[in-house]
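Numbering (the numbering used here), first residue to last: 230 to 789. Where a beta carbon is used, it is the ideal one built from N, C-alpha and C, also for glycine.
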């Protein structure tokens, strides 16, 4: 007959890699008057199944229960006298053959620590290895719990050190248990709850009485473990994305923003020579685009399984790369193939925008000189679900920026480069004025373009646009100019003053990202009658028809 004082107990599982403050956290939970703790109850099973060597192996095998089924059924989930049972687990100890109840029952959370910090102290007992760290096992446990509909909270050891009370309160909230102030301190010295391996591993934690603040500066990293660090960091970073709170020197106090298109939270991008998830889509800190904005780019739009004006955009990209003396540039076919593969991988065949970037590539050392670029160019294909970014039905508002457009004397705007500070400064002025964009003038005070688009006006039935001397000769600009002629309007390309735009009958801007966008107000002046004009609407319709009928088809695998 069962002991009447023994009853079902709620089990809390902590899963971590070694050297992750897991013992300190166990001591923290042991201070609760409603909780009993178990220190790595699966350790004996792990040693028996894997055969790994430890200085204390025989002692553990002779004194601990090593039958995994019995450990799970009778020890972890057996009856107890307290409301909660806290089980500290090292992820690699979840060996094959354990009962499914281990994950299916109880409450679980993941404790992580940056491998940079783990590896600095790991070698004291066991030589570190990828398998010993067990970060793959930790990711596997997280994934399996998510698949069971039980996504576990993830906490970072850095947060426990930086702000222990807030981190513990947050963890308790996630676990739906009350927080106890007693969790913040414990007595120094060995504990009855310690595992048999404590003399080898717990010296520093035995000297502690609380979660100590982290060192201001890290220990020198043992560079003999550099390859292991590179192998391990991606798994740590994968889990870190799910941390409730993140401690870092440059942590932003801002909340996680909402994306304009939520579906873009999960997308695949091409970087270098591979397709990677959004959060892994990164370039080296030695890449020229980071070192000096040294790259060229294009914006592409996809309509109805076709890429509009693909060849024209690639022509301009290669012209820009040549003007900047890029070498080891991918071929046209290679760039196309990267685009096609990326679109297919995402299933993006309509209502999509691509930011296509070609950097000068990675450098062998930081510095300005292209002589340091010895790896070849870096190609980036970034697709997003993205409707036109302006209000093309009701129209947009512009202001004139004080920032002047670059002159060909300084940096030719015909080079479609990534060093966009000239445009960004004008955009800041537009933002500050609550306008959609800002008009930029050339050195003589004539209108050049906006910070992001080319610009047109209509006066007495004639369509005018500035010369492409101080502005980018846009692909959409050229397309609209062709349509103007096709629609039997008179087209004039000349210098245009700002007052001519203020007094125009109609104004619109053009660009791949926004298409053809009507302008209804400039610097507070109403354009025409403040509504989208007939010429604008007619050209919008002609442009829409053209996008429906033309473009480079996106190849796909044949149906099977």
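Asked, Found
"State yes or no: is the C-beta of residue 735 within less than 7 Å of the C-beta of residue 759?", "no"
"Applying the 10 Å Cβ sphere with the 16-neighbour rule, what's the burial state of residue 344?", "buried"
"How about the region 318-338 and the region 291-307: do they share at least three Cβ pairs that are nearer than 8 Å?", "yes"
"Nearest to residue 781 by CA position, among 645, 579, 636, is which residue?", "579"
"Specify the secondary structure class of residue 211 as computed by DSSP and reduced to three states.", "Residue numbering for the chain in the displayed model covers 230 to 789; residue 211 lies beyond these limits and cannot be assessed."
"Sorted by chain position, which residues of the same chain lie with C-beta nearer than 7 Å to residue 400's C-beta, five sequence neighbours on each side aside?", "338, 382, 384"
"Taking Cβ positions, are residue 320 and residue 268 nearer each other than 7 Å?", "no"
"Measuring only the C-alpha atoms, how far is residue 466 from residue 505?", "14 Å"
"According to DSSP, is residue 532 helix, strand or coil?", "strand"
"List the DSSP bridge partners of residue 527.", "585"
"Using the Cα positions of residue 569 and residue 583, report the straight-line distance between them to the nearest angstrom.", "11 Å"
"Span of the alpha helix (DSSP H) holding residue 398?", "393-404"
"Which residue from 695, 716, 354 puts its Cα closest to that of residue 248?", "354"
"Tell me the DSSP bridge mates of residue 316?", "242, 267"
"DSSP on residue 506, reduced to helix/strand/coil?", "strand"
"Given a cut-off of 7 Å on the beta-carbon distance, is the pair residue 718 and residue 692 in contact?", "yes"
"To which residues of the same chain is residue 646 closer than 6 Å at the C-beta, ignoring the five residues directly before and after it?", "525"
"Nearest-angstrom Cα distance between residue 174 and residue 562?", "Nothing can be reported for residue 174: it is not among the residues displayed for the chain, which extend from 230 to 789."
"Inspect the CB distances between the region 479-498 and the region 663-674 and report whether three or more fall short of 8 Å.", "no"
"In the DSSP assignment, find the beta strand (DSSP E) that holds residue 337 and state where it starts and stops.", "336-341"
"Who are the near neighbours of residue 461 in its chain, counting only those whose CB is closer than 6 Å to its CB and skipping five residues on each side?", "344, 362, 364"
"Using three-state DSSP, classify residue 720 as helix, strand or coil.", "strand"
"For residue 170, count neighbouring C-beta atoms within 10 Å of its own C-beta (all shown protein chains included) and say buried if the count is 16 or more, exposed if not.", "Outside the shown range of the chain (230 to 789) lies residue 170, about which nothing can therefore be said."
"Applying the criterion that 16 or more other CB atoms from any shown protein chain within 10 Å of the CB defines a buried residue, is residue 281 buried or exposed?", "exposed"
"Quick one: measure Cβ to Cβ for residue 493 and residue 614, integer angstroms, because I've assumed they're closer than 8 Å.", "6 Å"
"Does DSSP put residue 609 in a helix, in a strand, or in coil?", "strand"
"If distances are taken between C-alpha atoms only, which option among 372, 529, 413, 254 comes closest to residue 703?", "529"
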